[in-house]
Amino acid sequence: MPAEQPAQDSPAGADHTVARHLITLANGERTITRLALRADLNAVQDLHHQCSAESRYARYHGAKPRLTGANWAHFTNQRRGLSWITTPESAPHMAIALTNLITHPNDHGAHDLGLLIADAWQSQRLGTALTRLAHQHAVRLGGHTLTVSTHSSNHRLHRILRGLGARHRSTSGGVVDLVVPLGRT
């Protein structure tokens, strides 16, 4: 399992919505996950180019080649939720993953998880670490539910979520909606 710890420049008791998280992957590579900023849009666009149509489809339910400025403004609006960028420690300007934790507009205790990982960085347990990070933040925010919509073929994410106690809510057109009650670690 990857090791996750606050970066050395994150003081104890710091607001972990802005802290940097170091994650050591299964292959030994170290990554940094930090709060996404509006200025990260170009790096996020490059991340989309590192992802196959299948990876983008699993995240967006369509092979979205890039985010619009409005999409990115929504993801980085902290009144609506939190988004994190993950980079290799050795290349801090290269985004390799985007994690979104967006609060449902009609239920502020429910948070929707979105995750996009560059194809070359998959199968290194990064998705597991990022899902757990988002889960922990949803709990800290006082949430009661984490929701995820993904394609039925996204077996890796299904397995990660089952480990957090996910329940199947519905399936429509190959898209599976899962619900994770919060409070479990």
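Numbering-wise (my numbering), the sequence shown opens with residue 379 and increments by one.
Ideal placement from N, C-alpha and C gives every residue a C-beta, glycine not left out.
The model shown is predicted, which means the values in this text are computed figures rather than measured ones.
Local Cβ density within 10 Å of residue i, reported as buried at 16 or more and exposed below that
{"i": "Pro-380", "result": "Because Pro-380 carries a pLDDT of 46, less than 50, the predicted location of this residue cannot be relied on, and the following value inherits that uncertainty. Pro-380 comes out buried."}
{"i": "Leu-560", "result": "buried"}
{"i": "Ala-417", "result": "exposed"}
{"i": "Gln-502", "result": "buried"}
{"i": "His-486", "result": "exposed"}
{"i": "Thr-549", "result": "exposed"}
{"i": "Arg-437", "result": "buried"}
{"i": "Gly-505", "result": "buried"}
{"i": "Pro-389", "result": "Its pLDDT being 31, under 50, Pro-389 is placed unreliably in this model, and the value from its coordinates should be taken loosely. Pro-389 should be labelled exposed."}
{"i": "Ala-496", "result": "buried"}
{"i": "Ala-512", "result": "buried"}
{"i": "Ala-431", "result": "exposed"}
Identity of the residues DSSP links to residue i by a beta bridge
{"i": "Arg-408", "result": "Thr-402"}
{"i": "Asp-490", "result": "Ile-480 and Thr-525"}
{"i": "Ile-495", "result": "Ala-475"}
{"i": "Asp-485", "result": "His-482"}
Where the beta strand (DSSP E) through residue i begins and ends
{"i": "Leu-556", "result": "553-559"}
{"i": "Ile-463", "result": "459-466"}
{"i": "Ser-550", "result": "545-550"}
Nearest-angstrom Cβ-Cβ length linking residue i and residue j, presumed shorter than 8 Å
{"i": "Thr-402", "j": "Leu-508", "result": "Wrong, their Cβ atoms sit about 13 Å apart, outside the cutoff."}
{"i": "Thr-454", "j": "Leu-415", "result": "7 Å"}
{"i": "Ser-433", "j": "Leu-493", "result": "Contact flag wrong, Cβ pair sits at about 10 Å."}
{"i": "His-489", "j": "Ala-469", "result": "Not a contact, Cβ separation roughly 29 Å."}
{"i": "Arg-547", "j": "Leu-535", "result": "Between Leu-535 and Arg-547 the Cβ distance is about 15 Å, and since that is not below 8 Å, they are no contact."}
{"i": "Thr-409", "j": "Glu-467", "result": "6 Å"}
Bounding residues of the alpha helix (DSSP H) (the contiguous stretch that carries residue i)
{"i": "Arg-416", "result": "From DSSP, Arg-416 is part of no alpha helix (DSSP H); its letter is neither H nor E."}
{"i": "Leu-508", "result": "504-518"}
{"i": "Asn-449", "result": "447-453"}
{"i": "Ala-397", "result": "Taken as a continuous stretch (DSSP letters only), Ala-397 belongs to no alpha helix (DSSP H), as it is neither H nor E."}
{"i": "Ser-433", "result": "431-438"}
{"i": "Arg-444", "result": "Run containing Arg-444: none; DSSP gives neither H nor E here."}
{"i": "Leu-542", "result": "No alpha helix (DSSP H) holds Leu-542; DSSP gives it neither H nor E."}
* To do: Count the C-beta pairs between the stretch 475-486 and the stretch 453-465 that are closer than 8 Å, then say yes if the count reaches three, no if not.
  => yes
Taking one C-beta from the stretch 523-531 and one from the stretch 420-427 each time, how about it: are there three or more such pairs within less than 8 Å? no
For the stretch 533-547 and the stretch 437-452, state whether three or more C-beta atom pairs, one from each stretch, are separated by less than 8 Å.
no
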